[in-house]
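**Q** Chains as they are written, first to last, in full-length UniProt numbering: chain G, 1 to 420; chain B, 1 to 420.
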């Protein structure tokens, strides 16, 4: 199979390296892959990988798209504008497309599904788009085909998991771990895509489609990132036998609707996700036939991501990966609501009647209080304390918080985390 | 695709139930599966599942094998004699074969590989054979195709993991947990296949083939089951920040050979496998591109196992699963040796000079002692104590133990466990 590669960066270079070292092994297994053209922005730039023998380095993607001898287009340039044009053109020409571009897929999912369906000669594969080296796309496509997923949750962003693990294990501050993550190249500057949870949200949107058959527009998913997490939260987490993780969560509600959210969460230490630290990702899938299965592995990195790209390329070369890349469609209603128990951290100026007021507000919001927790008071003008709730809704919690911020002793917007 | 099912027991019934409830969903995804015949020993026996509409219940497998309208044979009868004849006949006829029969595959792997190769029209799939609901076969086939696995280790037997978890968490004795596992139907009577590690060994043999391309005859794999594990070992485990697990392990040695063993092991609490309890299975795969990925899920059970069978059936119906079912062949030399650190529990009658002798024997076996551990002595005639070693070999440890048992104060054969 003749391949045109778009993008000669970290992952593209990893793909070339894997094909160079493992090409014979792949061929032995029936996957003959030859990169015949690489399209890069600057053809003169020295690359940190070996250009495959006989491969032409080009500057114009048309040179690949209009080459009828090229069967497969591997898009690893990133971005959602030019990359989209290239992918749409490749699909329209019946080429096999392999990509790791999660933002592009999440933003254009129904359009991509339609386009692939219209030209059955081609195919569209994207294992690398979600959680780097974890074969979660393939697993959802293969192992849940006769099953019914009821919930999916996981650590879908390695950068924030690295940061939260450092805070949990070393007691480092948010600012320090962000600086370290930036220095190590894990976080970009500005780090919003990671720390606000937007990267995880794209991945969750794709997983919702595969697991539940429903397209959930990213911007409709409630998203509470890690920017307000402080060491205080880890102290309370310790009291609660929990740790703090940024999770993407989607689960079927008893009424047949689906709830999806990305949130910094309090995760019980008995939950397998609590022990997954550093840049690792981890996805937990609960279904009718399998109960809970957990898949963990590297969420990013040159060879982990490139490995998923190569796995897709090999699958397609061996004749697989055809059909609807997003499996099936359902008409499940998605509600922007989170059901469950919550952790709410308030910061107040110490005084009389605060708990009485909170009790009244909770009652008015129909929230049953599970516990009030407080670590030692250091500064009476800035007293953090925590309320945990019994099962309720994020709407109810938000209503309570909106009322509480109007109280004169309230020092900042309460921090809300679901408890998992 | 017209299917003949051999076996109407737990898993066979689960397959029928899944196809009944999820058949339309499978068809929507391009997998039309119709069970047209079920072969059972006693056609008159009432089944605990609904016989599919239009399906004939037959007593003779020939009725399926010789029916040219049947495309796929799903073997779920178990056993290694009649089942083998049936599978070989189905393969020879170019039918697609799906099975969950790990003992049969492990015992006949090269023969099966040859037979499938000889008739390219058919295929052979066996996701259900290893670790029930975990899609480890598919993952090794798909996600490691361009990678190089360096080690694979895991909890491959749910029954013993249930038992060891109970001992660890509740402090229950071996005899009590075995009785409970038998009562719950997890352990058979006699429980040898589980507790001696033979079931895990079959699975490890199959995983060795997929991960390393090498056929390792089961009987050549050193196998140390859980029958001698006592609560003392959990006390030492606690001291060592470990727990006790039965693991199947295969890893490449620096000299290019492969070591494989099934052993009761001391597993550090930092190792993800240590937190996988109950009847769950868990496989950890380390490779060049992905570092370590971990997959956990139900190791057994009607619907978990049947789900893997249905996943294979759907894959084949959609045109996948063709080609060499065991991927590739290599000529790696397998050595019946275990390299690493070891835990050795001795039981002695208390006396003078025991440690001095042990020190001398360790020196003679070229073993560097890491620590000598002892919990409080309760009975001076039966004193357990533990030696942990630095990196060495199982051969050296066995040599030391063989010498030690000759000492007059030695009360029983030392218990050896690798430390992971």
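Glycine included, each C-beta is placed from N, C-alpha and C at the ideal position.
The structure presented is a predicted model; accordingly, all values stated were derived computationally and were not measured.
Distance check for residue 274(G) and residue 242(G), CA to CA, integer angstroms please.
**A** Those two C-alpha atoms are separated by around 8 angstroms.
**Q** Give me whichever residues DSSP pairs with residue 291(B) in a beta bridge.
**A** 287(B), per the DSSP bridge assignment.
**Q** Go ahead and pull the three-state DSSP assignment for residue 399(B).
**A** The answer is helix: DSSP assigns residue 399(B) an H, G or I state.
**Q** Excluding the 5 residues flanking residue 290(B) on each side, which residues of the same chain have their C-beta closer than 7 angstroms to its C-beta?
**A** For residue 290(B), where only same-chain residues beyond five positions count, the Cβ hits under 7 angstroms are 147.
**Q** Establish whether the CB of residue 147(G) and some CB of chain B are separated by less than 8 angstroms.
**A** Yes, residue 147(G) counts as interfacial toward chain B.
**Q** To the nearest angstrom, how far is it from the Cα of residue 90(G) to the Cα of residue 35(B)?
**A** Using only the alpha carbons, I get a separation of about 40 angstroms.
**Q** Mind listing which residues of the stretch 391–417 of chain G have their C-beta closer than 7 angstroms to chain B's C-betas, in chain order?
**A** Listed in sequence order: no entries.
**Q** If we define contact as Cβ-Cβ less than 8 angstroms, is residue 176(B) a contact residue for chain G?
**A** No, residue 176(B) does not count as interfacial toward chain G.
**Q** Can you tell me whether DSSP reads residue 47(G) as helix, strand or coil?
**A** Three-state DSSP puts residue 47(G) in coil, outside helix and strand.
**Q** For residue 295(B), would you say it is in contact with chain G, using Cβ-to-Cβ distances shorter than 8 angstroms as the test?
**A** By this cut-off, residue 295(B) is an interface position.
**Q** Determine which residues of the stretch 156–189 of chain B have a Cβ less than 9 angstroms from any Cβ of chain G, and write them out in chain order.
**A** Here the close residues number zero.
**Q** Compare the C-beta of residue 153(G) against all C-beta atoms of chain B and say whether one is closer than 8 angstroms.
**A** Cβ-Cβ to chain B under 8 angstroms: no for residue 153(G).
**Q** Please tell me whether residue 238(G) has its Cβ less than 8 angstroms away from any Cβ of chain B.
**A** No, no contact with chain B.
**Q** Could you give the distance in angstroms between the alpha-carbon of residue 219(B) and the alpha-carbon of residue 375(G)?
**A** Those two C-alpha atoms are separated by around 59 angstroms.
**Q** CA-CA distance, residue 50(G) and residue 33(G)?
**A** Computed Cα separation, rounded: 16 angstroms.
**Q** Step through the CB atoms of chain G and report whether any lies within less than 8 angstroms of the CB of residue 139(B).
**A** Yes, its Cβ sits closer than 8 angstroms to a Cβ of chain G.
**Q** By Cβ distance below 8 angstroms, which residues in the same chain neighbour residue 311(G) in space, the five residues on each side in sequence not counted?
**A** Closer than 8 angstroms at the Cβ level, and outside the excluded window around residue 311(G), lie 127, 135 and 138.
**Q** May I ask you to report which of helix, strand or coil DSSP gives residue 251(G)?
**A** Three-state result, residue 251(G): strand.
**Q** Under 8 angstroms between the Cβ atoms of residue 5(G) and residue 15(G)?
**A** A contact, by the Cβ cut-off of 8 angstroms.
**Q** Taking only heavy atoms of the ligand NAD into account, decide whether any of them is closer than 7 angstroms to the Cβ of residue 341(B).
**A** With respect to the ligand NAD, the structure shown offers nothing to examine, as it has no ligands at all.
**Q** Would you kindly report the start and end of the unbroken alpha helix (DSSP H) that includes residue 427(B)?
**A** Any answer about residue 427(B) is impossible in this case: the structure gives chain B only from 1 up to 420.
**Q** Could you check whether residue 133(B) and residue 297(B) sit closer than 8 angstroms to each other, using their CB atoms as the reference points?
**A** Taking 8 angstroms as the Cβ cut-off, residue 297(B) and residue 133(B) qualify as a contacting pair.
**Q** May I ask you to list the residues that DSSP assigns as paired with residue 96(B)?
**A** For residue 96(B), which the question treats as bridged, DSSP gives the partners 72(B) and 123(B).
**Q** Identify the continuous beta strand (DSSP E) that holds residue 239(G) and give its terminal residues.
**A** Segment 231–239 is the alpha helix (DSSP H) holding residue 239(G); no beta strand (DSSP E) there.
**Q** Pull up the distance between the alpha-carbon of residue 337(G) and that of residue 386(G), whole angstroms please.
**A** Residue 337(G) and residue 386(G): Cα-Cα distance of roughly 22 angstroms.
**Q** Taking just the CA atoms, how far does residue 279(B) sit from residue 234(B)?
**A** Cα to Cα, the separation comes out at about 19 angstroms.
**Q** Quick check on DSSP: helix, strand or coil for residue 281(B)?
**A** Residue state, collapsed to three classes: strand.
**Q** For the alpha helix (DSSP H) containing residue 221(G), list its first residue and its last residue.
**A** Premise fails: residue 221(G) is in no alpha helix (DSSP H) and is neither H nor E.
**Q** So which of 361(B), 419(B), 63(B) and 272(B) has the shortest CA-CA distance to residue 402(B)?
**A** Answer by Cα proximity: 361(B).
**Q** Show which residues of chain B have a CB atom less than 9 angstroms away from the CB atom of residue 328(G).
**A** Those are 25, 28 and 29, listed as they occur along chain B.
**Q** Give the C-beta separation of residue 98(B) and residue 417(B) to the nearest angstrom, bearing in mind that I take them to be a contact with Cβ-Cβ under 8 angstroms.
**A** So it is not a contact: roughly 37 angstroms between Cβ atoms.
**Q** Is the stretch 245–257 of chain B in contact with the stretch 150–157 of chain B, if contact means three or more CB pairs nearer than 8 angstroms?
**A** At 8 angstroms Cβ cutoff, the stretches touch.
**Q** Thinking C-beta only, is residue 178(G) closer than 8 angstroms to residue 191(G)?
**A** Yes, these two residues count as a Cβ contact at 8 angstroms.
**Q** Out of 228(G), 277(G), 186(G) and 183(G), which has the shortest C-alpha to C-alpha gap to residue 166(G)?
**A** The option with the nearest alpha carbon to residue 166(G) is 277(G).
**Q** Contact criterion: CB-CB distance below 8 angstroms. Does residue 114(B) meet it with respect to chain G?
**A** Taking Cβ atoms only, chain G never reaches closer than 8 angstroms to residue 114(B), which makes this a no.
**Q** How big is the Cα-Cα spacing for residue 199(G) and residue 68(G)?
**A** Going from the Cα of residue 199(G) to the Cα of residue 68(G) covers about 35 angstroms.
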